[in-house]
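Student: Yeah, the sequence shown ends on 441 if you go by the working numbering, and it's all consecutive.
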Amino acid sequence: MILVQFAVVLVFVFIGARLGGIGIGLAGGAGVIVLGLLGLEVDPATGVPWDVLGIIMCVIAAIAAMQSAGGLDLLVARTEVLLRARPRNITFLAPLVTYFMTVFAGTGQVAFSTLPVIAEVAKESNVRPSRPLSIAVVASQMAIVASPISAAVVAMAAVVEPLGVDYLTMLTVAGVSTLVGCLLGALVATRQGVELQDDPVYQDRLAKGLVRKRERTEFVAKPRALLSLVIFAVALVVVVLYSTAVSDSVALIENPTITRSGAIMTFMLLAGLLIAVLCRIDVGTVITQQTFRSGMSAAVCIIGVAWLGNTFVQGHTDTIEELGGTLIRDYPWMLAVVLLLASALLYSQAATTIALMPVAAGMGVGATTLVASFPAVTGLFLLPTYTTVVAAIELDDTGTTRIGKYLFNHSFMVPGLVSVTAAVAIGFGLAPLLI
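1. Quick check on the DSSP output: what are the complete alpha helix (DSSP H) runs of length 4 or more inside the segment 345 to 371, in order along the chain?
2. Exposed or buried, which one is I141 when buried takes at least 16 other CB atoms within 10 Å?
3. Please report the straight-line C-alpha distance between A366 and F434, rounded to a whole angstrom.
4. Please specify which runs of the beta strand (DSSP E), each continuous and at least 3 residues long, are wholly inside the segment 196 to 221, giving them in chain order.
5. Buried or exposed for M274, please, with buried defined as at least 16 other CB atoms from any protein chain shown within 10 angstroms of its CB.
6. Please classify I155: does DSSP put it in a helix, a strand, or coil?
7. So L352 packs on A312, CB below 8 Å; how close in whole Å?
8. The ligand FMN and G385: does any heavy atom of the ligand fall closer than 8 Å to the residue's C-beta?
9. In terms of alpha-carbon separation, which member of M271, V217, A348, T407 lies closest to L242?
10. Quick one: what's got a C-beta closer than 8 Å to L232's C-beta in the same chain, skipping five residues either side?
11. Is the segment 59 to 68 touching the segment 168 to 182 in the sense that three or more CB pairs, one from each, lie closer than 8 Å?
12. Which whole-angstrom value is the C-beta distance of V127 and L89, which I expect to be below 8 Å?
13. At 4 residues or longer, what runs of the alpha helix (DSSP H) sit wholly inside the segment 271 to 340?
14. Between I28 and V306, which are expected to be in contact by the criterion C-beta below 8 Å, what is the C-beta distance as a whole number of angstroms?
15. Provide the residue span of the alpha helix (DSSP H) that contains K411, from first to last.
16. Is the distance from the Cβ of V38 to the Cβ of F380 below 9 Å?
17. What residue range does the alpha helix (DSSP H) around I21 cover?
18. Measure the alpha-carbon distance for G268 versus I309 and round it to whole angstroms.
19. Looking only at its own chain, which residues have a Cβ that is under 6 Å from the Cβ of S234, when we skip the five neighbours before and after it?
20. Could you give the distance in angstroms between the alpha-carbon of G199 and the alpha-carbon of M7?
21. Please state whether DSSP places S131 in a helix, a strand or coil.
22. Helix, strand or coil, according to DSSP, for V453 in the structure here?
23. Reducing DSSP to helix, strand and coil, say where A241 ends up.
24. Of the residues I287, K219, V207, L193, which one's Cα is nearest the Cα of K228?
25. For S249, I'd like the list of residues in its chain whose CB is within less than 6 Å of its CB, leaving aside the five on either flank, ordered along the chain.
26. Whose C-alpha, out of R94, C64, F20, is nearest the C-alpha of F298?
27. Going by alpha carbons, who is nearest to A5 out of G315, G112, P421?
28. Check whether the Cβ atoms of S417 and L102 lie closer than 9 Å to each other.
29. Quick one: Cα of L16 to Cα of L388, how far?
30. Just how far apart, CA to CA, sit I334 and Q295?
31. For a test of the three-state rule: what should DSSP assign to S183, helix, strand or coil?
32. Does the segment 392 to 412 touch the segment 111 to 120, meaning 3 or more C-beta pairs lie closer than 8 Å?
33. How is the alpha helix (DSSP H) around P101 delimited, first residue to last?
34. Tell me which residues share the same chain as A36 and place their Cβ nearer than 7 Å to its Cβ, disregarding the 5 neighbours each side in the sequence.
35. Distance cutoff 9 Å, beta carbons only. Does F12 sit that close to anything in chain D?
36. Is the beta carbon of A145 closer than 9 Å to that of T108?
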């Protein structure tokens, strides 16, 4: 029966992947019904990661308020200046931009705003756009595990803090390993594919007039755009300080009345309120922002697919621990492989962390292995169906960023695998030194 139920999970994930976008969440919910009919307990209280959803929704609301005030546009404009200053190095600069924007915002959805700029600067510089676009998307996914306000980091902290790993140490290992991993992935990306002028697909599209130049207009920042950025940045710093203060190893605040996840939600909502009042935005425009729409779509996807995955995992925890415990203890790197594959199915770094990290800890896996393997929850690029992956493919009108004939041989696969593998390897070297 376990094989039948696992097949159900795969089938509905495949259906969702075929539909794309919010379809992955809708298909996940339908799959939960089938698992329930096959005997697994279906309980939204334990199956749906409510803390994850709460954090995502509150962070997205604050970011959308900042975008409404012009803060995100200002950030993108400064990014464009940086990229245009050194266009030949765009394959290295693009992932750095999306990485730090994601660390700052706590969601990879902010990468949407920079992808058109990356594609255009690459074309103007005669650089194959698939190179910077592929690693930029991968970097935006990997940076989630280094962001102090991401739901995945909060979920991971809850697992490793009882094992003696404090919040800042976990972030340090994740940050160093993923950043270096992304830079190594960028190095590989610079060698990926033929040069732009030699690509037959690009030449064909160019001859048909399908390659267009984006109109450049002079950017004029809104009056209080910078203020909105400052408010969000201050809220981020406060969250980091509070999360550190309530961690078990620091314990500056004992028996806190506000949990770490609660602090992220409330401070992000407060940031949104301050932006709305001090920057004098029309709050009705917040829900019309692109970041709000894409973020809420991601939340629905997480509800469906995480509920589907959690229902299966929680229904077979004992079996999974029995089969996997000895293997992972003997070969610790196998945990990273499991996390990588699971993240592609669960469609979320946070959902993967919540579903599998407690199970791994229950198997007796050590803290260093858990922390070192954490970057592997970022394998959303494996299936070319994630929102930023699809956006990058659609934005590249040269046709160089594409899905291969066999689905998995797409532009993001090699840079992504190199980045994650390098990050995990660095983590296994760094974690024992700091923990």
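Beta carbons are placed, not taken as given, at the ideal position from N, Cα and C, and that holds for glycine.
Tutor: In short:
1. 355 to 368
2. Here residue 141 corresponds to residue number 135 of the sequence shown, with the count starting at 1. With 16 or more Cβ atoms within 10 Å of its Cβ, I141 is classed as buried.
3. Position 360 of the sequence shown, counted from the first residue, corresponds to residue 366. Position 428 of the sequence shown, counted from the first residue, corresponds to residue 434. Their backbone Cα atoms lie some 16 Å apart in a straight line.
4. none
5. As a position in the sequence shown, residue 274 is number 268, starting the count at 1. Buried: at least 16 other Cβ atoms inside 10 Å.
6. Locating residue 155 in the sequence shown gives position 149, counting from the first residue. Reduced to three states, the DSSP call for I155 is coil.
7. As a working note, residue 352 is residue 346 in the sequence shown. As a working note, residue 312 is residue 306 in the sequence shown. Contact between L352 and A312 holds, with the beta-carbon distance rounding to 6 Å and staying under 8 Å.
8. Ligands in the displayed structure: none, and consequently the ligand FMN is not present.
9. Within the sequence shown, numbered from 1, the residue matching residue 242 stands at position 236. Selected option, being the one with the closest Cα: M271.
10. As a first step, residue 232 is located in the sequence shown; it is residue number 226 there, counting from the start. In its chain, beyond the 5 residues on either side, G77, L80 have a beta carbon closer than 8 Å to the beta carbon of L232.
11. The answer is no - the segment 59 to 68 does not touch the segment 168 to 182, with fewer than three Cβ pairs under 8 Å.
12. The residue labelled residue 127 in the question sits at position 121 within the sequence shown. The residue labelled residue 89 in the question sits at position 83 within the sequence shown. Sure, about 5 Å apart at Cβ, within 8 Å.
13. Uninterrupted alpha helix (DSSP H) stretches at least 4 residues long and entirely within the segment 271 to 340 occur at 296 to 321, 323 to 336, given in chain order.
14. Taking the sequence shown and counting its residues from 1, one reaches residue 28 at position 22. Taking the sequence shown and counting its residues from 1, one reaches residue 306 at position 300. The Cβ separation is near 5 Å, so the contact holds.
15. Here residue 411 corresponds to residue number 405 of the sequence shown, with the count starting at 1. Counting along the chain, K411 falls outside any alpha helix (DSSP H), and DSSP gives it neither H nor E.
16. Numbered from its first residue, the sequence shown carries residue 38 at position 32. Numbered from its first residue, the sequence shown carries residue 380 at position 374. Their beta carbons are not under 9 Å apart, which means V38 does not touch F380 by this criterion.
17. In the sequence shown, residue 21 corresponds to position 15, counting from 1. Segment 8 to 25, the alpha helix (DSSP H) holding I21.
18. Along the sequence shown, read from residue 1 onward, the residue named residue 268 stands at position 262. Along the sequence shown, read from residue 1 onward, the residue named residue 309 stands at position 303. The alpha-carbon atoms of G268 and I309 are separated by roughly 19 Å.
19. Numbered from 1 along the sequence shown, position 228 holds the residue referred to as residue 234. Within the same chain, S234 has close Cβ partners M72, A75, G77, I281, C285.
20. Within the sequence shown, the letter at position 193 stands for residue 199. Within the sequence shown, the letter at position 1 stands for residue 7. Approximately 44 Å, taken between the alpha carbons.
21. What you label residue 131 is simply residue 125 of the sequence shown in a count that begins at 1. Of the three classes helix, strand and coil, the one that applies to S131 here is coil, per DSSP.
22. In the structure displayed, the chain extends from 7 to 441; residue 453 sits before or after that span and is not available.
23. To locate residue 241, count along the sequence shown from 1; it is residue 235. Helix.
24. Along the sequence shown, one-based indexing puts residue 228 at 222. Answer by Cα proximity: I287.
25. Walking along the sequence shown from the start, residue 249 turns up at place 243. Cβ-Cβ distances below 6 Å link S249 to Y173, R266 in the same chain, with the five nearest sequence neighbours on each side left out; the list follows chain order.
26. Residue 298 sits at position 292 when you count from the first residue of the sequence shown. The shortest C-alpha separation from F298 is found at C64.
27. The structure shown does not extend to residue 5, since the chain is modelled only from 7 to 441, so the question has no answer here.
28. Position 411 of the sequence shown holds residue 417. Position 96 of the sequence shown holds residue 102. Going by C-beta atoms, S417 is not nearer than 9 Å to L102.
29. Against the sequence shown, residue 16 aligns to sequence position 10. Against the sequence shown, residue 388 aligns to sequence position 382. Approximately 14 Å between the Cα atoms of the pair.
30. Start at 1 with the first residue of the sequence shown, and residue 334 comes out as number 328. Start at 1 with the first residue of the sequence shown, and residue 295 comes out as number 289. When rounded, the distance between both Cα atoms is 44 Å.
31. Residue 183 sits at position 177 when you count from the first residue of the sequence shown. Three-state DSSP puts S183 in a helix.
32. yes
33. Mapped onto the sequence shown, residue 101 falls at position 95. Its alpha helix (DSSP H) spans residues 96 to 111.
34. Looking up residue 36 in the sequence shown gives position 30. Closer than 7 Å at the Cβ level, and outside the excluded window around A36, lie F18.
35. Checking the listed chains, one finds no chain D in this structure; it contains a single protein chain.
36. For this step, residue 108 is matched to residue 102 along the sequence shown. For this step, residue 145 is matched to residue 139 along the sequence shown. Yes, the Cβ-Cβ distance between T108 and A145 is below 9 Å.
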